[in-house]
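Participant: Mind having a look at this structure? Questions to follow.
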Amino acid sequence: MRAGPVIAGNWKMNLDPDEVREFFQNFRPNLPPGRTPQILVFPSFVSLFAALVALPRDPKIGVGVQNIHWKPSGAFTGEVSAPMARAAGATHTLVGHSERRHVFGETDEQVALKVSAAFSAGLVPVICVGEKLEERRAGRLEEVILGQLDAVLPVLTGSGSAGVLLAYEPVWAIGTGETATPDDASQAHSILRTRLFETLGGPRSEGIPILYGGSVNPTNVAELLRVPHVDGVLVGGASLDPASFSRIAEAGAGG
């Protein structure tokens with residue numbers, strides 16, 4: 153059985169260390185006792201330590217990194233390895249975010265290598281999949297998201313899937329103000345859930361939360377969390393404001 157919803161905030165290239173400290177001074181979600189969702193934040197590398205120091209002492213709040221390299225060390229200027237991220241205090245890592253795939257040219261093969269590296273280092277990977285607008289219009293939703301998922305399934309099968317998360321992010325709904333309808337989200341999440349079940353079996357597949365990410369905000373989050381197979385949300389811009397992110401966390405607690 154899965155726990156309550158996961159509320160994750162991807163801060164991207166925003167919030168310097170001072171701004172992170174200020175964020176946590178004002179992040180005060182009104183959460184009912186016993187109904188706290190799992191909250192994750194993904195600051196930039198330079199703000200990771202500030203987040204770890206400033207966040208409330210709560211085991212339900214975790215800090216991750218936005219990217220890792222698949223090699224443990226080496227001549228990879230500008231990169232950070234999974235063991236380094238774990239040693240710095242991160243518990244999770246995003247892998248295969250659409251901006252990594254489409255801005256930096258990250259391939260399915262590289263995503264799979266990063267998932268394997270995360271497992272080896274003791275990081276929980278949040279594996280992102282999603283289709284672009286032209287792919288959706290061409291009727292290729294299932295082909296695209298299953299192709300991305302299938303690339304990492306051998307790693308999950310071989311390394312175990314304990315703690316792993318999946319995030320569906322329709323690329324056309326990221327930073328555009330567009331949001332997938334509940335039916336859109338349900339369709340994509342159902343496709344992913346079915347493939348996980350077919351590959352990993354019932355108990356293991358049911359233990360993998362599938363998050364929705366795509367212009368999530370305090371206004372639409374409650375409706376999205378009611379969609380079948382939506383086990384949480386991956387929030388972008390709306391997670392940068394502590395009041396906004398508090399309201400989203402409250403929705404995750406049923407508030």
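Numbering (this note's numbering), first residue to last: 153 to 407. Backbone N, C-alpha and C define an ideal beta-carbon position, used for all residues, glycine too. Keep in mind the model is a prediction, meaning the values are calculated, not measured.
In terms of residue numbering, what span does the beta strand (DSSP E) encompassing Q190 cover?
Facilitator: Counted from its first residue, the sequence shown places residue 190 at position 38. Q190 to F194 is the span of the beta strand (DSSP E), which, as asked, contains Q190.
Participant: Once DSSP output is grouped into helix, strand and coil, what is the label at V255?
Facilitator: As a position in the sequence shown, residue 255 is number 103, starting the count at 1. In the structure shown, V255 sits in coil (DSSP, three-state: anything other than H, G, I, E or B).
Participant: Beta-carbon within less than 6 Å of G388's beta-carbon, same chain only, minus the 5 sequence neighbours each way: which residues are those?
Facilitator: Taking the sequence shown and counting its residues from 1, one reaches residue 388 at position 236. For G388, where only same-chain residues beyond five positions count, the Cβ hits under 6 Å are N162.
Participant: When the Cα of F233 is compared with those of K266, P361, L204 and I213, which residue comes out closest?
Facilitator: In the sequence shown, counting from the first residue as 1, residue 233 sits at position 81. The identity of residue 233 in the sequence shown is Ser, whereas the question assumes Phe. Comparing Cα positions, the closest option is K266.
Participant: With three or more beta-carbon pairs closer than 8 Å as the criterion, would you say the segment 364 to 376 touches the segment 395 to 403?
Facilitator: Under the three-pair Cβ rule at 8 Å, the segment 364 to 376 counts as touching the segment 395 to 403.
Participant: State the DSSP-derived secondary structure class of L167, mapped to helix, strand or coil.
Facilitator: As a working note, residue 167 is residue 15 in the sequence shown. L167 falls in the coil class under three-state DSSP.
Participant: Could you tell me if F175 is buried or exposed, where buried requires 16 or more neighbouring beta carbons within 10 angstroms of its beta carbon?
Facilitator: For the purposes of this step, residue 175 is taken as residue 23 along the sequence shown, with counting starting at 1. Looking at its Cβ environment, which holds 16 or more other Cβ atoms inside 10 Å, F175 is buried.
Participant: Hey, is the segment 234 to 241 in contact with the segment 279 to 288, meaning 3+ C-beta pairs nearer than 8 Å?
Facilitator: no
Participant: Would I213 and A270 qualify as a contact pair, given that the criterion is a beta-carbon distance under 8 Å?
Facilitator: Within the sequence shown, the letter at position 61 stands for residue 213. Within the sequence shown, the letter at position 118 stands for residue 270. No, the Cβ-Cβ distance between I213 and A270 is not below 8 Å.
Participant: Can you give me the C-alpha to C-alpha distance between N182 and S225, rounded to a whole angstrom?
Facilitator: By one-based count along the sequence shown, residue 182 stands at place 30. By one-based count along the sequence shown, residue 225 stands at place 73. In this structure, the straight-line span from the alpha carbon of N182 to that of S225 is close to 42 Å.
Participant: Between E287 and the rest of its own chain, which residues show a CB-CB distance below 6 Å, the 5 nearest in sequence each way excluded?
Facilitator: As a working mapping, residue 287 is identified with position 135 in the sequence shown. The answer, listed in chain order, is V296.
Participant: Of all the options G315, A337 and L318, which has the alpha carbon lying nearest to the alpha carbon of A325?
Facilitator: In the sequence shown, counting from the first residue as 1, residue 325 sits at position 173. Considering only alpha carbons, the answer is A337.
Participant: Using only the alpha-carbon positions, how far apart do L352 and T309 sit?
Facilitator: As a position in the sequence shown, residue 352 is number 200, starting the count at 1. As a position in the sequence shown, residue 309 is number 157, starting the count at 1. When rounded, the distance between both Cα atoms is 7 Å.
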